[in-house]
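Undergrad: There's a structure below that I have some questions on.
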Amino acid sequence: MSIVKDRKKTRQINIGSVKVGGNAPIAVQSMTNTYTQAVDTTVAQIKRLEGAGCEIIRVAIPDMDAASAVKKIKKQINIPLIADIHFDYKLAIAAMENGADALRINPGNIGKKVRMKRVVQCAKDYGVSIRVGVNSGSLEKDIEESLGNTAIALAKSAQRNIELLRDMDFHDIKVSVKASDVSRTVEAYRLVSLQTDLPLHVGVTEAGGLYAGISKSALGIGMLLADGIGDTIRVSLTRDPIEEVRTAYEILRALDIRKRGAEIISCPTCGRCRIDLFDIAEKVEKALLESKIPVKIAIMGCVVNGPGEAKEADIGIAGGDGAGILFKKGKVVKKFSEKKLLNVLLEEIKKFENELNESGGKLNGEED
Ligand code: SF4
74 MSIVKDRKKT RQINIGSVKV GGNAPIAVQS MTNTYTQAVD TTVAQIKRLE
124 GAGCEIIRVA IPDMDAASAV KKIKKQINIP LIADIHFDYK LAIAAMENGA
174 DALRINPGNI GKKVRMKRVV QCAKDYGVSI RVGVNSGSLE KDIEESLGNT
224 AIALAKSAQR NIELLRDMDF HDIKVSVKAS DVSRTVEAYR LVSLQTDLPL
274 HVGVTEAGGL YAGISKSALG IGMLLADGIG DTIRVSLTRD PIEEVRTAYE
324 ILRALDIRKR GAEIISCPTC GRCRIDLFDI AEKVEKALLE SKIPVKIAIM
374 GCVVNGPGEA KEADIGIAGG DGAGILFKKG KVVKKFSEKK LLNVLLEEIK
424 KFENELNESG GKLNGEED
């Protein structure tokens, strides 16, 4: 039985060609960490992210150069682009005029209502959706003074900003209420989910480096997804954004919500391990980064226990003293010298892909 509750039915909006909310798959997004105006570098990073399965990309728009760069970037990428704007309504308008598919904005930060009205009118003209991005670091003063920096305050800010947009007859909205700790984040999203049927962008903000970031994101995003809350997710790490996308898919896979590409299982190694398993596992992961082959691979440290412990794997390798074995569904297929382990495994994965293609099977990541 699944531990994931039925997903809350939210309103569906479009971020360019990607649907978010309703019954659309939970979309994986990330954010570039290049200077947006450095068009070539930004495009190169987005291309790598596309390859890893990123479905929506957000770029920071700190100035007019960045807003102008959107035009050139958009021409060279295949996924929708969100312009991340703080404070300056003119940047929001310029980004939309240059082809941004969506905005991340905090209407409360834009200042006079008349400015926000201009942003909203432009969003309507260009069919651009807006994320109300409430963040514990930039709560409105009056809300923070009366409610503290709490989950209730985050939800209150979201409600205020949503109303502001709705009063302008704007409804293509998604919402996020991020804090840097898991408890406040989860509580705030639960409150917002009760308040609105708008789609939710879920994430823990400034989650941290690799270990803290992955742990907080897996817990925070995972708890919410298991509750049926969340329509698009962003894992936030102080790392190459590729790691954010990889982590996002692992969270979705762990909850059995979406799968993409190969699943690699590997043993933690113990005193029985006689090969450099860490190195092999890392090389296999790297080789399969952009793969969409729905194959379960096991990389195990010893011949004695490996095949039995990884019975459910389609293909597996296990190392011994100078020799290795290839196994499929727990059964040993052949033996070979340890030096060949990695190549044999990669060849078998290729064969698996060819057989899948011949039988008309689907690659993972294309169908959902
Ligand atoms: Fe140890 Fe072998 Fe199990 Fe790996 S597969 S943890 S080496 S017993």
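Plus 73 on top of the position in the sequence shown (first one is 1) and you've got the numbering used here. Heads up, the beta-carbon is just placed ideally off N, CA and C, and yes, glycines get one too.
(1) Please look up how many angstroms separate the CB atoms of I366 and I390, rounded, as I've assumed it's under 8 angstroms.
(2) Determine the direct distance from the alpha carbon of V77 to that of Q268, and round the result to whole angstroms.
(3) If you check the beta carbons only, do I155 and L122 fall under 8 angstroms apart?
(4) Pairs of beta-carbons, one from the stretch 96-107 and one from the stretch 284-294, closer than 8 angstroms: are there three or more?
(5) Secondary structure at Q85, three-state DSSP: helix, strand or coil?
(6) I need the straight-line Cα distance from K145 to L418, nearest angstrom please.
(7) What is the DSSP secondary structure of K214, reduced to helix, strand or coil?
(8) Look at the alpha carbon of G374 and the alpha carbon of P341, and state the distance between them as a whole number of angstroms.
(9) Would the stretch 236-246 count as touching the stretch 187-201 if we require 3 or more Cβ pairs under 8 angstroms?
(10) Would you mind listing the beta strand (DSSP E) stretches within the stretch 104-145 that are 3+ residues and don't spill past its ends, in chain order?
(11) Excluding sequence positions up to five away, which residues of its chain have a Cβ less than 6 angstroms from the Cβ of T114?
(12) Rounded to whole angstroms, what's the CA-CA distance from E217 to K289? Just pull it up for me.
(13) Which residues bound the alpha helix (DSSP H) around K356?
(14) Using only the heavy atoms of ligand 1, determine whether one of them is closer than 7 angstroms to the beta carbon of E382.
(15) With distances taken between CB atoms, is the gap from V255 to A231 smaller than 8 angstroms?
(16) Considering only residues of the same chain and omitting the five flanking positions on each side of V259, which have a CB-CB separation below 7 angstroms?
(17) On the three-state DSSP scale, how would you describe E439?
(18) Whole angstroms is fine: what's the gap from K214's alpha carbon to A226's?
(19) Looking at the secondary structure, which residues open and close the alpha helix (DSSP H) in which F425 lies?
(20) Roughly how many angstroms separate the alpha carbons of D270 and G303, rounded to a whole number?
(21) Does the distance from the CB of P180 to the CB of N234 come in under 8 angstroms?
(22) Going by the CB atoms, is the gap between A173 and V192 shorter than 8 angstroms?
(23) Tell me where the beta strand (DSSP E) around I372 begins and ends.
(24) Does the beta-carbon of E440 have 16 or more other beta-carbons within 10 angstroms, so that it is buried, or is it exposed?
(25) Is it right to say T311 is buried, meaning 16 or more other beta carbons lie within 10 angstroms of its own, or is it exposed?
(26) Residues around ligand 1, please: the condition is that the C-beta lies closer than 5 angstroms to some non-hydrogen atom of it.
(27) What did DSSP end up calling A391 once you bin it into helix, strand or coil?
TA: Quick answer:
(1) The Cβ separation is near 16 angstroms, so there is no contact.
(2) Spanning the alpha carbons of Q268 and V77 requires a straight line of approximately 21 angstroms.
(3) no
(4) no
(5) coil
(6) 41 angstroms
(7) Looking at K214 - three-state DSSP - the assignment turns out to be helix.
(8) 8 angstroms
(9) These segments touch.
(10) Unbroken beta strand (DSSP E) stretches of 3 residues or longer found wholly inside the stretch 104-145: 129-133, given in chain order.
(11) T107
(12) 24 angstroms
(13) Going by DSSP, K356 is part of the alpha helix (DSSP H) stretching over 350-360.
(14) yes
(15) no
(16) The answer, listed in chain order, is G293, M296, L297.
(17) In this predicted model, E439 has a pLDDT of only 48, less than 50, meaning its place in the structure is not dependable; the value taken from the coordinates is given anyway. In the structure shown, E439 sits in coil (DSSP, three-state: anything other than H, G, I, E or B).
(18) 10 angstroms
(19) 414-431
(20) 11 angstroms
(21) yes
(22) no
(23) 369-373
(24) Because the pLDDT at E440 is just 44, under 50, the model does not fix this residue reliably, and the value given afterwards should be weighed accordingly. Per the 10 Å Cβ criterion, exposed.
(25) exposed
(26) C340, C343, R345, C346, M373, G374, C375, N378, G379
(27) Note: A391 maps to strand in three-state DSSP.
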